[in-house]
Amino acid sequence: MTTKPVHTIVQVGDIGIGPGCPLALIAGPCVIESRAHTLKLAKAIKKIAVAVDIPLIFKASFDKANRSSLHSFRGPGLKEGLAILAEVKKKLALPVVSDIHESRQAASAAKVLDLLQIPAFLCRQTDLLLAAAATGKPVNLKKGQFMSPEEMRPAVEKLREAGASGVLLTERGTFFGYGRLVNDMTSIPRMAAYAPVVFDATHSCQLPGQGGRQSGGQREMAPLLARAAVAAGAHALFLEVHDRPEKAKSDPATVWPLDQLADLLADARRFSRAVQQR
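If you count by my numbering, then the sequence shown holds residues 48 to 325, one letter each, in order.
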């Protein structure tokens with residue numbers, strides 16, 4: 048097996064992600080809670096990203112179809128959610144990304160989104176991957192918690208052969224026993240042999256099943272994991288961010304506090320520059 052990285056750069060709007068590019072950020076709330084909250088958060092995150100000099104792709108899910116409980120908040124749905132993301136894109140001049148869970152969502156989502164995201168549990172669903180690729184948009188494919196880095200290669204090949212304009216792979220932890228995720232940082236250079244790699248620092252802190260109707264988590268570990276991932280060669284960071292984490296309607300145990308975002312990003316940026324100067 049080769050661990051030599053690919054030299055592909057994935058273009059998301061005017062942001063390049065890949066070898067030689069500045070560290071990029073994919074960030075936003077886990078789920079769209081309301082139009083006003085989404086626009087407020089997007090504006091605040093953009094201000095911080097500009098100050099730290101990290102290019103931002105705004106992320107928010109229009110539907111969380113894989114919630115732990117039937118009673119969990121899922122979001123506004125496809126039509127309303129895409130309208131809100133379109134407003135973020137227009138008013139704040141930000142590229143936007145959201146999850147798609149079903150093949151039928153791909154074409155509509157691609158009319159607004161600059162990057163389509165495939166959730167980790169669905170990373171092997173061929174029809175979903177083909178529908179996403181057929182839009183011609185770049186795709187962020189999250190590595191399943193049950194997958195090895197090498198097992199992601201066929202999924203990348205499916206997307207490329209079916210017409211995706213670019214593929215990103217996101218590391219978000221691997222199941223270890225019951226109830227926690229573990230990060231193998233060697234997965235970053237290993238997956239970089241197939242596509243640029245994003246590291247999901249907040250979902251990697253989850254304690255699935257330990258929060259009752261919502262996943263538990265250890266958000267305090269996110270900065271440590273982010274630094275380690277950037278040092279290992281990650282090309283972008285993925286962070287779910289909220290202005291009031293304890294009130295977040297999804298993943299309140301792991302979303303990163305808005306008022307602590309600047310410090311985390313500044314650390315990550317320093318690590319990234321050090322890696323690029325090696």
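Backbone N, C-alpha and C define an ideal beta-carbon position, used for all residues, glycine too.
Residue nearest to Asp179 in terms of C-alpha spacing, selected from Arg171, Met199, Ile147, Glu204: Per the sequence presented here, residue 179 reads as Ala, with Asp not at that position. Checked all of Arg171, Met199, Ile147, Glu204; the closest Cα to Ala179 is Ile147.
Through-space distance from Val78 to His84, alpha-carbon basis: 11 Å
Do Gly128 and Ser145 have their C-beta atoms within less than 8 Å of each other? yes
In this structure, how does DSSP classify Pro102 when only helix, strand and coil are distinguished? Three-state result, Pro102: coil.
Near Ala71, what residues of its chain come up, given a Cβ to Cβ distance below 6 Å and the 5 sequence neighbours on each side ignored? Ile62, Ile64, Pro102, Ala283
Checking the sheet assignment: what are the DSSP bridge partners for Gln58? Gly63
How is Ala281 classed by DSSP in three states: helix, strand or coil? coil
Quick check on DSSP: helix, strand or coil for Pro196? Looking at Pro196 - three-state DSSP - the assignment turns out to be coil, as it is neither helix nor strand.
What span of residues does the beta strand (DSSP E) with Glu301 cover, start to end? This sequence places Thr at residue 301; Glu is not what is there. Boundaries for Thr301: no beta strand (DSSP E) harbours it, and the DSSP string shows neither H nor E there.
Opposing strand residues paired with Leu72 [DSSP bridges]: Leu103, Leu284
Would you mind listing the beta strand (DSSP E) stretches within the region 97 to 177 that are 3+ residues and don't spill past its ends, in chain order? Runs found: 103 to 106, 143 to 146, 162 to 165.
So the candidates are Arg291, Pro185, Gln164; which of them puts its Cα closest to the Cα of Gln58? Pro185
Let me confirm a value: Arg81 is counted as buried when at least 16 other C-beta atoms fall within 10 Å, else exposed. Which label applies? The question names Arg, yet the displayed sequence has Ser at residue 81. A residue is called buried once 16 or more other Cβ atoms fall within 10 Å of its Cβ, and Ser81, having fewer, is exposed.
Of all the beta strand (DSSP E) runs that stay within the bounds of the region 213 to 262, which reach a length of 3 or more residues? 214 to 218, 244 to 247
Closer than 6 Å by C-beta to Met268: which residues in its own chain qualify, once you throw out the five before and the five after it? Chain order, please. Cys252
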